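Peer 1:
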Amino acid sequence: MEVMQSKSVQLVVLDVDGVLTDGESSPFDLELFQQLAALNERSRLGEPVPAVTVCTGRPQAYVEAVLQALHASVPGVFEGGAGLYVPEGRRIFPHPDITDRSIMRTVRRILEEEVDRDASIYLQPGKDFTVSVFPRGKATPEGLKERVVGLLGERAGELELLYSASCLNILPRGIHKGKGIEFLSSWTGIPLSSMLAVGDSEVDIPMFQKAGYRACPSNATPEVKALSDYVSGKKTSEGLRDILNRFSVY
């Protein structure tokens with residue numbers, strides 16, 4: 321792959337866990353955050369460099385904090401495509417395709433009852449539009465999809481069930497990170513073809529299918545690597561540094 325010029329990319333869209341950080345509860349790479357914040361400041365001042373934002377399964381409050389640390393003015397996508405957090409005015413906009421939240425309330429009730437029965441799983445707090453199921457301890461999320469389908473029965477057909485590196489994400493049918501960056505594109509006016517998406521797991525695939533450029537760190541799944549224009553030989557945040565250099569972003 322040829323090295324892309326920074327003018328080809330107007331916006332860098334980052335997954336968080338497994339890209340910007342090593343994963344749940346891992347320390348932030350503060351030096352990298354400073355570099356990305358400086359990039360956002362330069363972009364805001366009109367320099368010909370891309371802005372940086374996030375598209376993550378994390379809830380809105382987490383996205384707000386990350387964007388604040390990144391000095392971001394471009395909105396971020398929260399809950400895997402369920403909505404945008406807009407730093408200007410600290411506003412939240414659910415995806416317009418979410419018109420009926422009753423099924424997700426039912427899903428949450430069923431899974432909360434399961435958590436009460438079985439302490440080996442838990443639900444990520446703070447989410448309003450989706451549900452994320454995590455295994456406790458050092459267990460991996462493999463097998464959660466089959467378990468959740470068994471609990472939800474026919475309702476599972478009305479949902480998106482997508483793995484991230486550490487959990488199973490349950491979203492309303494048709495809501496995913498691809499829809500999230502489409503919403504972001506319509507809000508900002510930045511074409512999807514001018515976005516560089518960086519992700520590592522199944523939940524990032526719909527975003528990769530929409531973005532003009534795609535890259536991943538070495539810890540990405542084989543499916544994500546197969547869709548990438550560039551696969552770094554380094555993992556997580558070190559891989560992200562390598563990717564930004566490869567695309568001449570700095």
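When you read off a place in the sequence shown, starting at 1, and then add 320, the result is the number in our numbering. For glycine and all other residues, C-beta sits at the position ideal for the given N, C-alpha and C. Keep in mind it's a predicted model, so treat the numbers as computed, not measured.
1) I'd like to confirm the pairing. Which residues does DSSP put opposite E278 in its beta bridges?
2) CB-CB under 8 Å to T541, same chain, minus the five flanking residues each way: which ones, in chain order?
3) Taking the CB atoms as reference points, tell me whether A531 and S552 lie closer together than 8 Å.
4) Would you decide whether D524 is buried or exposed? Buried here means 16 or more other CB atoms lie within 10 Å of its CB.
5) Would you mind stating whether N360 and V372 have Cβ atoms separated by less than 8 Å?
6) On the criterion of 16 or more Cβ atoms from any shown chain inside 10 Å, does Q388 qualify as buried, or is it exposed?
7) Three-state secondary structure (DSSP) at Y382?
8) Quick check on the DSSP output: what are the complete alpha helix (DSSP H) runs of length 4 or more inside the stretch 341-368, in order along the chain?
9) Between the alpha carbons of L334 and M424, how many angstroms are there, rounded?
10) Below 6 Å CB to CB, which residues in the same chain sit around S548 once its five sequence neighbours on both sides are set aside?
11) Express the C-alpha separation of P526 and D337 in angstroms, rounding to a whole number.
12) Hey, out of Y405, P416, T450, whose CA is closest to T426's CA?
13) Report back the beta-carbon spacing between S486 and P461 to the nearest angstrom; my notes put them in contact at under 8 Å.
14) Quick one: what does DSSP say S486 is sitting in, helix, strand or coil?
15) Assuming P542 is part of the alpha helix (DSSP H), what are its boundary residues?
16) Output the distance between the C-alpha atoms of R566 and E474, rounded to the nearest integer angstrom.
17) From Y570 to V386, what does the alpha carbon distance come to, in whole angstroms?
18) Quick one: grab the DSSP three-state call for A535.
19) Assign T562 to one of three DSSP states: helix, strand, or coil.
20) For I501, which option in L340, L404, R378, E384 has the closest C-alpha, if you only look at C-alpha atoms?
21) Could you work out which residue in G457, V453, S346, R410 is closest to L464 when comparing CA atoms only?
22) Closer than 7 Å: is that where the CB of S521 sits relative to any heavy atom of the ligand COA?
23) When DSSP builds the beta bridges, which residues end up paired with E412?
24) Please go through the same chain and pick out, in chain order, the residues whose beta-carbon is closer than 6 Å to the beta-carbon of L482, but skip the five residues on each side of it.
25) Hey, L564 and V397: beta-carbon distance below 8 Å or not?
Peer 2: Let's see:
1) In this structure the chain extends from 321 to 570, so residue 278 is not present and cannot be described.
2) D520, S521, E522
3) no
4) buried
5) yes
6) exposed
7) helix
8) 350-364
9) 26 Å
10) R534, A535, C536
11) 17 Å
12) T450
13) 6 Å
14) coil
15) 542-547
16) 45 Å
17) 20 Å
18) strand
19) Per the sequence shown, the amino acid found at residue 562 is Asp instead of Thr. Of the three classes helix, strand and coil, the one that applies to D562 here is helix, per DSSP.
20) L404
21) V453
22) What this structure holds is no ligand at all, so the ligand COA is not there to describe.
23) Note that residue 412 is Ile in the sequence shown here, rather than Glu. The partner list for I412 (beta bridge, DSSP) reads Y405.
24) N489, E522, V523
25) no
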